[in-house]
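A.B. asks: Below are the structure tokens for one structure; questions will follow.
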């Protein structure tokens, strides 16, 4: 079993240890995607790279936004802006569970002292047209991670299968550090000359965004922006594959996917504003999913997905 | 006779799938082996979170040799036919025998000797087939492979063993080669070890902190949890479903009991129990003196060095966070009810869609109120109380607690209604109007609850009927079968006398009442079949007037079933059939209906006269019995006709040459038919 590291002292140390650990396991340590997303899965490093047959290994922190979870910074656990740590490895290695447990040891969780359990939890993202099987990982009754083997993304079967790990960083760090209220959690070293708590960094922003998300965001404008993003995504994908300027085949899967991400976040905002009825909800989700599928269809014809030149989608590896 | 041991070692198998999977492994392996000629003495299968194991006892060392004869083409058949036969049998011409068949033709016969095959070879084949086609409810691929399993499959142990020793079954699938070793507990004994027999396997697993048998794990959990509770003067709240699930989450159960913070003990016990069970898979521990839930039991999968102190502290902390949420919801809801009342809270239902075409929950509540008022007098409830209950029965759907724990709907309604000052059965109706929730759930018996429960279900059924969303085949997304069965059980178990058609008329407008009644009749048949009443007996009663009065239908059916179970009843049925057949044929042939009163003066034979007087007597009894719905008496009187009818057919030929006598006899048969049909439609009885 992996050597258990000492207890980290701050939120950022938990992140740094994870970065260091997964870097040592051979993952490319990427940076957050520069757009508003609801979860780390939306990062193209996961959504798009889970497609096709090219091997892939990446880890990154992803700031994530869930406008409906805003609590004005008062709730001990709930935030509208929080961090996920995301690991994706394709094909999923046979020892992924052990690697994962190693990451817990790296942040000071001793598996011989704690009760670590893999509890069935199948993952599905209706907006991404994606699903997988796996578990939520429990540590002493607390969910500390999601562990998923992707089966389908953007409507495409995953061949090979990616293994995906998602850590809810605030919750995990609070547990490791023994903190009861997220805002009280040391963000940097509590011994530092200017010691900052999570609250010092984020409380005010949580309050501001909560007000904005629930009551102020201009729904008329957002509805318009949703339509715009949807139209732009479609328009990008409808462009001819051959770029007239360079004469090269350039399928614009990533720019199109940005618009899909945008539409998804706008939908979340509209949802928080309470202007989407139950029936409309399904329709909106379906529209975002259609975009995600179209982007996936485009991506699998590209080189990054392992497609042959000329854009034939990569064939699944021989059985 | 060797024994076979198989273990399929994988990443964590969902708890809810383990028992089925163990059963499937046993069934599929045993039947596969049997088909290949290996009949075993017995087999047992087990599951833990990380393994499926199968122990097969007493397998033959090899399958029996088989001799098979196949008839081929005639000796004088064209060459191609013979070649085809040789190909299909894998023999050469000189291995064939020419024999005469039954018709005396010379025909080629192939005698194929199939030698016995070693058990190991067969096991490998069958195991491969079973793994590839395993009926997991959901399965997945992993890595670059194409094999499907519930979660990644890592290792296979497969040995045939007897006194002489163990032999590994030569088997490989997707790069996994079968061996004789396995691993123990993920954290406490991760090193591999090899085993030589099933007993050795079980014993070594136990040493490696794995209890193979889920029943044993459940027993340990139950016993330790009970004694931990008992030691504190408390009692465990039993929960079979949770016990089975928790036993499927651990390989080495370690029971730990912890206290619930004092500040949460004021929450309703249902809230504590639901929160602990749903979120954390904790058992509840009750103080028998106060009825309060004061402690929790969690089951860890590890013997921790600190005796579980860290684990317990962690769990208690997570619980406190969860219960803080619950208490927050509870207090907010109570405050809201105090300020707005239940009726005010119910206003929130305007924003909750029930169904796009059936309006909001609030619209629905208004319909339920009207229905409940109509139903109230019939079930002995005050219409005002039924209305009051109906108005607030769904209010808790907009409470924070029910938003978090949908399974507490109704229960929270009861608490909140009580706190808002409602009384006289109204709070109880908030909870009980959802009942019965399943086949084993009680039906409400308090009048106000009954009125609202029926109104709720009739509104649902007439509503979905009106918009054409009836259940089809296995699809019943709105649980309409359950709603209809709920109505049936509430009516029957309370002995309610009401006409469904009248209720439908007060339900959602536009429903095809006849079609909906037919749906009820189908559900009634299913329900009564489970109670042992045949469907044709029910059909015979459903064909009678008043068939939307379910209590009446069942009373009649019960009496008819009882009567048909007697010898007289069975014979009467035969007599009725004979009379009905003769009559129907005559009516068809003659093109008339013989319903004109038969006249005793044309009766020639004493048996004929006796039947006349027996019918007079039966009619006198049956009509008033039916009037007072005394089906038993009516059936008895009907069954008493058996003797006279039998004697009549014994002595008399109905179709005689004397046309007057014949017509009179047919009219007499018609009296039998009319009389019997006034009790139940015996034409529908089968057999």
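Residue numbers (our numbering), protein chains in the order written: chain A, 56 to 374; chain B, 4 to 690. Quick reminder that beta carbons are idealized off the backbone N, C-alpha and C, glycines included.
(1) DSSP three-state label for residue 122(B), please.
(2) Note down, in chain order, every chain B residue with its Cβ under 8 angstroms from the Cβ of residue 204(A).
(3) Flag residue 293(B) as yes when its Cβ comes closer than 7 angstroms to any non-hydrogen atom of the ligand MG, and as no otherwise.
(4) Kindly list, in the order they appear in chain A, the residues whose Cβ is closer than 7 angstroms to that of residue 15(B).
(5) So is residue 372(A) in contact with chain B if we call contact Cβ pairs under 8 angstroms?
(6) Can you tell me where the beta strand (DSSP E) holding residue 189(A) begins and where it ends?
(7) Taking the C-alpha atoms as reference points, what is the distance between residue 112(B) and residue 97(B)?
(8) Would you check if there are 3 or more beta carbon pairs closer than 8 angstroms linking the segment 489-503 of chain B to the segment 546-559 of chain B?
(9) Decide if residue 293(B) is buried, meaning its Cβ has at least 16 other Cβ atoms within 10 Å, or exposed.
(10) Exposed or buried, which one is residue 459(B) when buried takes at least 16 other CB atoms within 10 Å?
(11) Assuming the contact rule is C-beta atoms closer than 8 angstroms, residue 209(A) and residue 183(A) should be a hit. Round their C-beta distance to whole Å, please.
(12) Since residue 95(B) meets chain A, which of its residues come closer than 8 angstroms, beta carbon to beta carbon?
(13) If you run the structure through DSSP and keep just helix, strand and coil, what is residue 54(B)?
(14) Is the segment 158-171 of chain A touching the segment 97-106 of chain B, taking contact as three or more C-beta pairs under 8 angstroms?
(15) Measure the C-alpha to C-alpha separation of residue 354(A) and residue 304(A) and round it to an integer number of angstroms.
(16) Tell me which residues share the same chain as residue 538(B) and place their Cβ nearer than 7 angstroms to its Cβ, disregarding the 5 neighbours each side in the sequence.
(17) Let me confirm a value: residue 410(B) is counted as buried when at least 16 other C-beta atoms fall within 10 Å, else exposed. Which label applies?
(18) Would you say residue 301(B) and residue 261(B) are within 8 angstroms of each other, going by their C-beta atoms?
(19) What is the C-beta distance between residue 194(A) and residue 513(B), in whole angstroms, given that I count them as a contact (C-beta under 8 angstroms)?
(20) Anything in the segment 464-475 of chain B with a Cβ closer than 7 angstroms to a Cβ of chain A? List those residues in chain order, please.
(21) Considering only their Cβ atoms, is the gap separating residue 688(B) from residue 618(B) smaller than 8 angstroms?
(22) Within 8 angstroms (strictly less), CB to CB, does residue 169(A) reach chain B?
(23) I'd like to know whether the C-beta of residue 321(B) is nearer than 8 angstroms to at least one C-beta of chain A.
(24) Any C-beta of chain A sitting closer than 8 angstroms to the C-beta of residue 317(B)?
(25) Looking at the structure shown, is residue 459(B) part of a helix, part of a strand, or coil, going by DSSP?
(26) Judging by CA-CA distance, which residue of 669(B), 665(B), 651(B) and 548(B) is the nearest neighbour of residue 682(B)?
(27) So for residue 145(B), helix, strand or coil by DSSP?
(28) Taking the C-alpha atoms as reference points, what is the distance between residue 226(A) and residue 199(A)?
(29) Out of curiosity, what's the CA-to-CA distance linking residue 352(B) and residue 306(B)?
(30) Below 8 angstroms, can you find three or more Cβ-Cβ pairs linking the segment 210-229 of chain B to the segment 48-60 of chain B?
(31) Shorter than 8 angstroms from the beta carbon of residue 157(A) to some beta carbon of chain B?
(32) So does the segment 150-157 of chain A actually touch the segment 231-251 of chain A, counting three or more Cβ pairs closer than 8 angstroms?
(33) Who are the near neighbours of residue 140(B) in its chain, counting only those whose CB is closer than 7 angstroms to its CB and skipping five residues on each side?
(34) Helix, strand or coil, according to DSSP, for residue 14(B) in the structure here?
(35) Measuring straight from C-alpha to C-alpha, what distance separates residue 197(A) and residue 358(A)?
(36) Run the CB neighbour count on residue 339(B), radius 10 Å, all protein chains shown included, and call it buried at 16 or more, exposed below.
C.D. replies: With the structure as the only source:
(1) Locating residue 122(B) in the second chain gives position 119, counting from the first residue. Three-state DSSP puts residue 122(B) in a helix.
(2) Here the question's residue 204(A) lines up with position 149 in the first chain. Those within 8 angstroms of residue 204(A) in chain B are 143, 144, 145, 154 and 155.
(3) Although the ligand MG was asked about, the structure shown includes no ligands whatsoever.
(4) Taking the second chain and counting its residues from 1, one reaches residue 15(B) at position 12. For residue 15(B), the chain A residues whose Cβ falls inside 7 angstroms of its Cβ are 173 and 190, in order along the chain.
(5) By one-based count along the first chain, residue 372(A) stands at place 317. Summary for residue 372(A): the model assigns pLDDT 44, below 50, so the residue's position carries little reliability; its value from the coordinates is reported in the next sentence. Answer yes: the Cβ-Cβ gap between residue 372(A) and chain B drops below 8 angstroms somewhere.
(6) Here residue 189(A) is taken as the residue at index 134 of the first chain, counted from 1. Per DSSP, the continuous beta strand (DSSP E) segment holding residue 189(A) begins and ends at 185-194.
(7) On the second chain, position 109 is the one that residue 112(B) refers to. On the second chain, position 94 is the one that residue 97(B) refers to. If I take the Cα positions, the gap works out to 11 angstroms.
(8) The segment 489-503 of chain B is in contact with the segment 546-559 of chain B.
(9) Working through the second chain from its first residue, we reach residue 293(B) at position 290. Burial call: exposed.
(10) Residue numbering aside, residue 459(B) sits at position 456 when the second chain is read from its first letter. It counts as buried.
(11) Numbered from its first residue, the first chain carries residue 209(A) at position 154. Numbered from its first residue, the first chain carries residue 183(A) at position 128. Contact between residue 209(A) and residue 183(A) holds, with the beta-carbon distance rounding to 6 angstroms and staying under 8 angstroms.
(12) In the second chain, counting from the first residue as 1, residue 95(B) sits at position 92. In chain order: nothing, as chain A lies at least about 37 angstroms away.
(13) In the second chain, counting from the first residue as 1, residue 54(B) sits at position 51. Strand.
(14) Contact fails: fewer than three Cβ-Cβ distances are below 8 angstroms.
(15) Here residue 354(A) is taken as the residue at index 299 of the first chain, counted from 1. Here residue 304(A) is taken as the residue at index 249 of the first chain, counted from 1. If you draw a straight line from the Cα of residue 354(A) to the Cα of residue 304(A), it is about 13 angstroms long.
(16) If you number the second chain from 1, residue 538(B) lands on position 535. Only 528 and 532 meet the Cβ criterion.
(17) Against the second chain, residue 410(B) aligns to sequence position 407. By the 10 Å Cβ count, residue 410(B) comes out exposed.
(18) Mapped onto the second chain, residue 301(B) falls at position 298. Mapped onto the second chain, residue 261(B) falls at position 258. For the pair residue 301(B) and residue 261(B), the CB atoms are nearer than the 8 angstroms cut-off.
(19) Position 139 of the first chain, counting from 1, holds the residue named residue 194(A). Position 510 of the second chain, counting from 1, holds the residue named residue 513(B). With 8 angstroms as the limit, residue 194(A) and residue 513(B) do not qualify as a contact, their Cβ atoms being about 55 angstroms apart.
(20) Per Cβ criterion, the list is empty.
(21) Position 615 of the second chain, counting from 1, holds the residue named residue 618(B). Position 685 of the second chain, counting from 1, holds the residue named residue 688(B). No; because the gap between Cβ atoms is not below 8 angstroms, this pair is not in contact.
(22) As a working mapping, residue 169(A) is identified with position 114 in the first chain. Yes, its Cβ sits closer than 8 angstroms to a Cβ of chain B.
(23) As a working mapping, residue 321(B) is identified with position 318 in the second chain. It does; some Cβ of chain A falls within 8 angstroms.
(24) In the second chain, counting from the first residue as 1, residue 317(B) sits at position 314. It does; some Cβ of chain A falls within 8 angstroms.
(25) In the second chain, the residue the question calls residue 459(B) occupies position 456. Residue 459(B) falls in the helix class under three-state DSSP.
(26) The residue given as residue 682(B) occupies position 679 in the second chain. Residue nearest to residue 682(B) within the set 669(B), 665(B), 651(B) and 548(B) is 548(B) (criterion: CA-CA distance).
(27) Indexing the second chain from 1 puts residue 145(B) at position 142. Looking at residue 145(B) - three-state DSSP - the assignment turns out to be coil, as it is neither helix nor strand.
(28) For this step, residue 226(A) is matched to residue 171 along the first chain. For this step, residue 199(A) is matched to residue 144 along the first chain. C-alpha separation (whole angstroms): 7 angstroms.
(29) Against the second chain, residue 352(B) aligns to sequence position 349. Against the second chain, residue 306(B) aligns to sequence position 303. Taking the straight line joining both Cα atoms gives about 50 angstroms.
(30) Counting Cβ pairs under 8 angstroms, three or more are found: they touch.
(31) As a position in the first chain, residue 157(A) is number 102, starting the count at 1. No, its Cβ sits nowhere closer than 8 angstroms to a Cβ of chain B.
(32) In short, these stretches do not touch, since the Cβ pair count stays below three.
(33) Counting from one through the second chain, the residue named residue 140(B) turns up at place 137. So the list reads 20, once near-sequence residues are dropped.
(34) If you number the second chain from 1, residue 14(B) lands on position 11. In the structure shown, residue 14(B) adopts coil according to DSSP, grouped into three states.
(35) What you label residue 197(A) is simply residue 142 of the first chain in a count that begins at 1. What you label residue 358(A) is simply residue 303 of the first chain in a count that begins at 1. So the two alpha carbons sit approximately 41 angstroms from each other.
(36) The residue labelled residue 339(B) in the question sits at position 336 within the second chain. Buried, since its Cβ has 16 or more Cβ neighbours within 10 Å.
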